[in-house]
Ligand code: HEC
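In the working numbering, the protein residues as written are 141 to 270.
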């Protein structure tokens, strides 16, 4: 039993990768956990050419204009006309409160109040959506 838990600790700590966006380091493994826990994964994928989800595919998200990917369900006019280009700064606002950034958006997500959590989630997205 003791051996198993020691192994688990090693496995977890080696899975944690610290990278940086902006000035401070962030934790991608934690971001990945949040992508599941906050239900992002239920509505979004970043696997190229997978359009089966109820939210837009996030592949190549960074640098993309909001509401311009292939999304068969259809974007709201509000998001398409938002003028947003996705980067860490805009995602920070979006994940704090989507409806405050884009009134009329159809993304049913109340927001993630914890700044450190948002940062880790954005880092994870930056890596995975490349
Ligand atoms: C219940 C489904 C659902 C959940 C949960 C959800 N989203 Fe969304 N998301 C959507 C929909 C639908 C849209 C399109 C909104 C529109 O057109 O107004 C969207 C839009 C987006 C966009 C803009 C995409 C683009 O192409 O412009 C990003 C980025 C995004 N979501 C990230 C996330 C993240 C990260 C999470 C988890 C914290 C999350 N979403 C949770 C359904 C969801």
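Note that the Cβ used here is the ideal one computed from N, Cα and C, for glycine as well.
When rounded, the separation of the alpha-carbon atoms in residue 176 and residue 220 is 26 Å. Using a cutoff of 7 Å, the CB of residue 176 does not count as near the ligand HEC, since none of the ligand's heavy atoms is closer than that. As computed with DSSP, residue 200 is found in no beta bridge at all. Separation of residue 205 and residue 250 (C-alpha to C-alpha, rounded to the nearest whole angstrom) is 22 Å.
Around the Cβ of residue 259, a 10 Å sphere holds 16 or more other Cβ atoms; the residue is buried.
Distances from the CB of residue 236 to the heavy atoms of the ligand HEC are all 7 Å or more. The Cβ-Cβ distance between residue 195 and residue 184 falls below 8 Å. Per the coordinates, the alpha-carbon of residue 253 lies some 30 Å from the alpha-carbon of residue 212. When 201, 244 and 187 are compared, the shortest CA-CA separation from residue 228 is found for 201.
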